[in-house]
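Residue 1216 in the working numbering is what sits at position 284 of the sequence shown, and the numbering runs on without skipping anything. In what follows, a single structure is set out as structure tokens and then discussed.
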Amino acid sequence: MEKILKFGGTSCGSVVSIQSVISIIESNFKAQTKFAVVFSAMSGVTNQLLEAGNLASKRKNIDNSIIEDIENRHFEIIKHFIPVTGQSQVIAQIRTLINELRDVLKGISLIKEISPKTSDLLVSFGERLSTQLIFSVLQQKGLPVEYVDSRILVKTNRNFGKSEVLFSKTNPLIQSYFKDNADKICLITGFIGSDNNGDTTTLGRGGSDYTASVFGAALDVREIEIWTDVDGMMTSDPRKVYAAFTIPSISYAEAMELTHFGAKVIYPPSLQPAFAKNIPIRVLNTFNATFKGTVISKESTLSPYIITGISSIDHLSLVNLQGSGMIGVAGVSAKLFTVLAREKISVILISQASSEHSICFAIEPQVSDKVKAILHREFSAEIESGDIEGIDIQNDLSVIAVVGEGMRKHTGVSGKLFSVLGKNGINIVATAQGSSELNISVVIEQKDLSKALNVI
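Have a look at this one:
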């Protein structure tokens, strides 16, 4: 196996986009490349499925309009690409899945509840439908394709909603399957797996990238291609920064930093299996297939710029613990982050004063009330004694990450960053920098984000 291709939701979302996908797959086939393909659900379908599940849990019947829309979008592709004589069989295959989907929604409406386990089964229909559809189209064109339900190969734990892959079980299954199907183009459902009981699990939103990386690493491919609707990884979000341009080459370390802090072209965990096997990931544009895109590899080519890219996360909350009783007291940080980990609270950024007088960390705003209640409970003794003076939460913030391996051993980058923000009247609420000198992060008010990104 030479490479894994992965096509995202926008690449599978319309007649025009699927025609581009077919052309890319046919081009690889004609070049006698040994490859497999991972597919996401059609754009918007995962959200529609979640909405349908939510509505079903609140009423005795299901919302047929959502299901009919999903069904009609898939039928539109069938009618465009499949000859009339072959349409009835493909329509029947799609209807079988749609009927199974309706049964799941009926079950949700009966018990008026949707558990994480049921939610994973529900959203799995997006990838199963899109992959079955494109399999049928390519089969009609005479390509030696094989539909692969990744639930039979990708084994995970039972952390429904964002399950972790059990590589010791998954890798042998993938390797054995592909050995038996070496002459086929395997078309793989992204995003989904199954646990030891056979229950459907998902790998987290954006998890189809991860599926591609898991298969690529298991098969030791020479390259993984992530096909999207943009020309690769950009120096910043082009919707926010008018001067953004494509990064031709970037290291795994830089890419991990940028994706952690908001760059959404690629799903952050997807880098890890590829990184472990030193497999390059190329980010390409389905609608501009000849453009070279961005190559993510162990070491990027030498960039003329000190900074490789700038990413950001909107709408964050900053939690601050402070108190003179924290100074020189061992275990406060350990207790804090142990509690957060136990409660499955994701921390985006951490900053601590060298005096140990305060610790602050950034979280998603929807969990801020929960975090405040947890910390008041866990640190009640310290608050009562006055060792911790208070737990404050500031909302409507953003974090900007300035990333680049060129910053290592290059003096003055932090000073220039803080200076340019200060000159433009942008207040820095908090800052963090690792010893790797790869990333400088600043927390600012949300209202200043667009201005800050452009002046940087």
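Ideal placement from N, C-alpha and C gives every residue a C-beta, glycine not left out.
For residue i, which residues of its own chain have a beta-carbon under 7 Å away from its beta-carbon, when the five flanking residues on both sides are left out?
i     : result
V1146 : V1086, V1097, T1102 and P1205
A1114 : none
F1350 : I1360
F1177 : M1166 and T1167
I1106 : L1085, F1147, A1150 and L1151
I1358 : I1376, D1380, K1383 and A1384
For my contact list, residue i and residue j are in at a C-beta cut-off of 8 Å; report their separation, rounded to the angstrom.
i     : j     : result
I998  : L1065 : Not quite, the Cβ-Cβ distance comes to about 18 Å (not below 8 Å), so this is no contact.
K1230 : Y1184 : 6 Å
M1165 : A1187 : 7 Å
K966  : M933  : 5 Å
L1385 : I1242 : 6 Å
V1077 : I1117 : 5 Å
Let me check one thing: in DSSP terms, what residues is residue i bridge-paired to?
i     : result
Q1365 : I1372
A1333 : S1243 and S1373
E1078 : C1118
G1338 : Answer is none; G1338 lacks a bridge partner.
L1292 : According to the sequence shown, residue 1292 is Cys rather than Leu. The partner list for C1292 (beta bridge, DSSP) reads N1252 and S1283.
F971  : F939 and T1121
V1097 : T1088
T1178 : M1166
S1183 : S1229
Just to confirm my understanding: we take residue i, look at its own chain, exclude 5 residues before and 5 after, and list those with CB closer than 8 Å. What are they?
i     : result
I1325 : S1249, L1250, V1251, N1252, S1300, V1303 and K1304
Given this structure, state the Cα-to-Cα distance separating residue i from residue j, to the nearest angstrom.
i     : j     : result
G1018 : G1138 : 33 Å
S1356 : I1282 : Checking the sequence shown, residue 1356 turns out to be Asn, not Ser. Straight-line Cα distance between these residues: approximately 25 Å.
K1276 : F1311 : 18 Å
Y1109 : S1082 : 11 Å
S952  : K1094 : 31 Å
S1368 : L1203 : 19 Å
N1089 : T1270 : 21 Å
I1182 : G1136 : 24 Å
M1339 : I1228 : 18 Å
N1217 : L1053 : 30 Å
K1193 : A1333 : Note that residue 1193 corresponds to Phe in the displayed sequence, not to Lys. For F1193 and A1333, the distance between alpha carbons rounds to 6 Å.
A1208 : F1123 : 20 Å
I1295 : I1320 : 20 Å
S959  : E1045 : 46 Å
G1039 : P1048 : 14 Å
R1171 : V1162 : 12 Å
Helix, strand or coil: which one does DSSP assign to residue i?
i     : result
M1258 : helix
G1322 : strand
I1158 : strand
T1102 : helix
D1131 : coil
G1138 : coil
D1169 : coil
V1146 : helix
R1214 : strand
G1125 : strand
F1092 : coil
L937  : strand
I1228 : strand
S1047 : coil
S1202 : helix
For residue i, verify whether its CB is less than 8 Å away from any heavy atom of the ligand SAH.
i     : result
S1300 : The ligand SAH is absent from the structure shown, which contains no ligand whatsoever.
Which same chain residues end up closer than 6 Å to residue i when comparing Cβ atoms and leaving out the 5 residues on each side of it in sequence?
i     : result
G1030 : In the sequence as presented, Gly is not what sits at residue 1030; that position holds Ile. E1003.
H1342 : I1238
S1068 : V1022
V1335 : E1186, E1189, L1190, T1240, G1241 and N1371
Y1142 : L1135, Y1199, P1201 and S1202
F1293 : V1251, V1279 and I1282
Q1284 : I1291
V1387 : V1352 and N1356
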